[in-house]
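The listed protein sequences correspond, in order, to chains A and B. For the first sequence, my numbering assigns the number 2 to the initial residue and increments by one for each residue that follows. For the second sequence, my numbering assigns the number -18 to the initial residue and increments by one for each residue that follows. Let me begin by presenting the structure, written as structure tokens, before commenting on it.
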Amino acid sequence: MSTTTDPGRTDVDAAVAGLVRWLETGDAATGLFAEDCFLDLSLPHWRVQALGADGVQEFRRTEHPFPGTVRVERVDRTEHGFVMAFEERWHHEGEDWYCREQLRADVVGGSITELAVYCTGDWDAAVQARHAAQVTLLRP
Amino acid sequence: MSTHDDELAARTRAVLDAAAGHVFGTEPGRLAAELYDVLVRTTEDTPRARVAAALARVWVYGGHADRAAPFAEEALDRAERTGDPGLVAECLDAMLTAHWGPDELDLRLRLGARLDAVAAHVLDPEVRLRAHLWGLQVACETLHLQGIHRHLRALDALGEESARARFFAASRQWMYDVLRGRTDRAAALTASVEAASSEAGLADGWMIVALMRCYTAILTGDRTTGVDLAERMEEFGRAEGVPEVVAEAAWVWALLDRPDRVRPLLGELGGSVLASLPRDVNLLLTLQCTLAAALAVDDRELVAAAAALLAPFEDRAVVNAGAVYVHGVTDDTLSRAAAVLGDTERAERLRERALATYRRIGAPWWHDRLRDWTPPAPATPTSPPRPAASEVHLHPTASGVWLVGPAPGHPVRPLRGLDYLHRLLSSPGGTVPAIDLVSDGSGTVLQPGTGPTIDRQAAASYRRRLADIDAELAEAEQWADQGRAERLAGEREALLDELGAAAGLGGRARAHGSTRERARVAATKAIGTAIDRIGAIDADLGRHLRDSVRTGSECSYRPAVGDEVTWVLAARP
Chain A
2 MSTTTDPGRT
12 DVDAAVAGLV
22 RWLETGDAAT
32 GLFAEDCFLD
42 LSLPHWRVQA
52 LGADGVQEFR
62 RTEHPFPGTV
72 RVERVDRTEH
82 GFVMAFEERW
92 HHEGEDWYCR
102 EQLRADVVGG
112 SITELAVYCT
122 GDWDAAVQAR
132 HAAQVTLLRP
Chain B
-18 MSTHDDELAA
-8 RTRAVLDAAA
2 GHVFGTEPGR
12 LAAELYDVLV
22 RTTEDTPRAR
32 VAAALARVWV
42 YGGHADRAAP
52 FAEEALDRAE
62 RTGDPGLVAE
72 CLDAMLTAHW
82 GPDELDLRLR
92 LGARLDAVAA
102 HVLDPEVRLR
112 AHLWGLQVAC
122 ETLHLQGIHR
132 HLRALDALGE
142 ESARARFFAA
152 SRQWMYDVLR
162 GRTDRAAALT
172 ASVEAASSEA
182 GLADGWMIVA
192 LMRCYTAILT
202 GDRTTGVDLA
212 ERMEEFGRAE
222 GVPEVVAEAA
232 WVWALLDRPD
242 RVRPLLGELG
252 GSVLASLPRD
262 VNLLLTLQCT
272 LAAALAVDDR
282 ELVAAAAALL
292 APFEDRAVVN
302 AGAVYVHGVT
312 DDTLSRAAAV
322 LGDTERAERL
332 RERALATYRR
342 IGAPWWHDRL
352 RDWTPPAPAT
362 PTSPPRPAAS
372 EVHLHPTASG
382 VWLVGPAPGH
392 PVRPLRGLDY
402 LHRLLSSPGG
412 TVPAIDLVSD
422 GSGTVLQPGT
432 GPTIDRQAAA
442 SYRRRLADID
452 AELAEAEQWA
462 DQGRAERLAG
472 EREALLDELG
482 AAAGLGGRAR
492 AHGSTRERAR
502 VAATKAIGTA
512 IDRIGAIDAD
522 LGRHLRDSVR
532 TGSECSYRPA
542 VGDEVTWVLA
552 ARP
């Protein structure tokens, strides 16, 4: 049984909550991303990167400006931060979109210094419907 | 506060309300995922402690105690930072819930003492009620009489404040009365519990009332009521698939001297079932009841299996969750098991200690029962052979339960392996590909992907043709038609290749062997489990199946000459 307070754990919890909120709304709390934050995003057949708190946020505004909902499936704290598995859903130009992601984040002093994101790519309604028709997931 | 914060606060209240209504022993469904999603968005200590504590309880109530501990620990950590004794008490309750297994009694003693101290400074009667219930639970587990008396008195006093507390006060007083051999107040206490349960709107209050009536009836010799309630207990245990209730029903039938009702229930607990029980709140209860019931019907195989699992817990009281009922001490059943299994020295040592414990706590019913028990006659080296001409059932019934074993058959819960066995027994001498057994109609193994692949209809057609080929192959081999057998084997191989070549998820080429390998492993495991279960019901039949059934990429049932069985493979009208 552990009853001691781990300040690192609190920092990580705050970073997770802040990141989820940013993904859903586009609003980043002050200090969520470190000034030298580095983003490394892997997509199917593609890879992009961004540098700096402003650079990371600008990348999101440019590439994925849509507010939506995040469902967090699991967060594991690591020595340097956390790993998070989640899915995103959003609406754009009359269509519902979906993607699944896994990210590894390093956290220092409550700010995210590095984000490595692995994403399925965006699934439009047709892909989601085809998937639902063809695949029965063991753990939906 | 922003709109976002308002939304999160509303969601938090909603999931906590939903968690408060979660009934012990039921699957949490989406509740755990909802709580988790709220937890990761929450940073303030108080709501985060509440959500983490609720999540810990939901996992334990849903039978996944192993997932609960980290959340309970975080809840307590956060609660301590707030300095709010009510919240600390709530999270200590979550900690105790998450550490309710038989290996964690020392931790429960420490946490219970802490909760007792914290709750003493809290006015909220619900917090004090929980503290005294945990205190009573731990005092019963350690048979600490002064502790039991103190917490019963405290519950009684709380009963003046709420119907909910009255429910617990009266039901636990009944528990202690019955342990001490008193039944004169049982009817009045049961009526009080029923009234309090109704007034407080307790969802599972009826279960406690039924249990009180059942044991009161048995102890007072009211067989009619006892049988009626044993039927209900058995039905509930089977319908919900709850091993501890099935085990308790077996024990109750044993107390009612109905071995015919005990044996089928024990059949459901044999094989690998006991060994795979989680080490949670119900482990000792399930093992104790199973062992007591197995002793009652002299099922030595199960006596040995249950006693081996219970052996690490010598000198322990067995308490149904929440101190609802005390099922004696483990030394009692273990001493009788040792006597049956021929370890007389250990049997005598444990018996003396159990009798001393029963004398110390003043439990005459348990004491006299053990004192007067005599071991059955020594077992014969092997169980009597099964009559060669007897019919043996293996088929599902209309209710979904399977009937297994020599006529009239024992009811057994459905198992995938029983389906596979049934298919093999339907064509003795033939072979059935494991892939065909496992994937038949489910699509689990062969999951069409996005790349070039055969479609579902084609796959189903291929599988049907494979089944026909198996039958034709058996016929060709029987007629020694070598040419036809080779042609059919070639066709069969081609179809298997076609099925195996279906693309995997995401269009990746599936390794040809992997699907068949998964099917082989799945079929072997399922059939092995089913045979273990059958062996627990009828050891001879289990041996026959182990000797006659071959599993692998291809599965078959080929009984040796002279060892054939007349199977009944369909329910008779």
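Every residue, glycine too, gets a C-beta built ideally from N, C-alpha and C.
- Not flagged as an interface residue toward chain B: Thr31/A, since no C-beta distance is shorter than 8 angstroms.
- Rounded to the nearest whole angstrom, the CA to CA distance from Glu212/B to Gly202/B is 17 angstroms.
- Beta-bridge analysis with DSSP links Met193/B to no other residue.
- Listed as beta-bridge partners of Arg531/B by DSSP are Ser537/B.
- Per the DSSP secondary-structure output, Glu96/A pairs in a beta bridge with His93/A.
- Against His(-15)/B, the close residues of chain A are Arg22, Glu25, Thr26 and Asp28, in the order they occur along the chain (beta-carbon pairs closer than 9 angstroms).
- Following the DSSP letters along the chain, one finds Val71/A inside the beta strand (DSSP E) bounded by residues Gly69 to Arg78.
- In terms of beta-carbon proximity, Val17/A lines the interface with chain B, with at least one pair separated by less than 8 angstroms.
- Against chain A, the CB of Asp47/B has no partner CB under 8 angstroms away; the residue lies outside that interface.
- Inclusion of Ala277/B and Pro224/B in the CB contact set at 8 angstroms is not warranted, their separation being larger than that value.
- Taking the Cα positions, Ser112/A is about 9 angstroms away from Ala15/A.
- Close to Thr164/B, with beta-carbon spacing below 7 angstroms, lies no residue of chain A; the smallest spacing is near 41 angstroms.
- In the displayed model, Trp81/B falls within coil according to three-state DSSP, outside both helix and strand.
- Put simply, the backbone Cα of Pro68/A is about 20 angstroms away from that of Leu40/A.
- Sequence-distant Cβ neighbours of Leu117/B in its own chain, meaning closer than 8 angstroms and more than five residues away, are Gly128, Ile129, His132, Leu133, Leu136, Arg153 and Ala304.
- In this structure, Ala228/B lies near Cys270/B, with their beta-carbon atoms less than 8 angstroms apart.
- Of the residues assessed, Gly10/B falls on the exposed side of the cut-off, its CB having fewer than 16 other CB atoms within 10 angstroms.
- Comparing alpha carbon positions, the residue from Val49/A, Asp55/A, His46/A and Leu42/A closest to Thr31/A is Asp55/A.
- Under DSSP, Leu116/A shares a beta bridge with Leu40/A and Ala106/A.
- Contacts with chain B (Cβ-Cβ distance below 9 angstroms) from the stretch 64 to 76 of chain A involve Val71, Arg72, Val73, Glu74, Arg75 and Val76, listed in chain order.
- Ranked by Cα distance from Leu291/B, the first of Val542/B, Tyr306/B and Leu266/B is Leu266/B.
- Here Leu96/B is buried. Its C-beta has 16 or more other C-beta atoms within 10 Å.
- Contacts with chain A (Cβ-Cβ distance below 8 angstroms) from the stretch 5 to 34 of chain B involve Ala14, Tyr17, Asp18, Val21, Arg22, Thr23, Thr24 and Arg29, listed in chain order.
- Beta-bridge analysis with DSSP links Arg101/A to Glu88/A.
- Asp123/A is outside the set of residues whose beta carbon lies under 8 angstroms from a beta carbon in chain B.
- For His113/B, the uninterrupted alpha helix (DSSP H) run begins and ends at Pro106 to Glu122, by DSSP.
- The beta carbon of Asp97/A sits no closer than 8 angstroms to any beta carbon of chain B.
- Contact between the stretch 24 to 32 of chain B and the stretch 53 to 62 of chain B is present, with at least three C-beta pairs closer than 8 angstroms.
- When the beta-carbon positions are compared, Leu104/B and Leu139/B stay at least 8 angstroms from each other.
- The C-beta of Asp55/A comes no closer than 8 angstroms to any C-beta of chain B.
- The criterion of a C-beta distance shorter than 8 angstroms is not satisfied by His391/B and Leu550/B.
- As computed with DSSP, Gly386/B is found in a beta bridge with His374/B.
- Between the stretch 344 to 353 of chain B and the stretch 377 to 390 of chain B, the count of Cβ pairs shorter than 8 angstroms is below three; the stretches do not touch.
- Look at the beta carbons and you see the stretch 385 to 399 of chain B touching the stretch 502 to 513 of chain B: at least three pairs across the two are nearer than 8 angstroms.
- The three-state reading of DSSP puts Thr205/B in helix, counting H, G and I together.
- Shown here, His391/B sits in a strand according to DSSP, grouped into three states.
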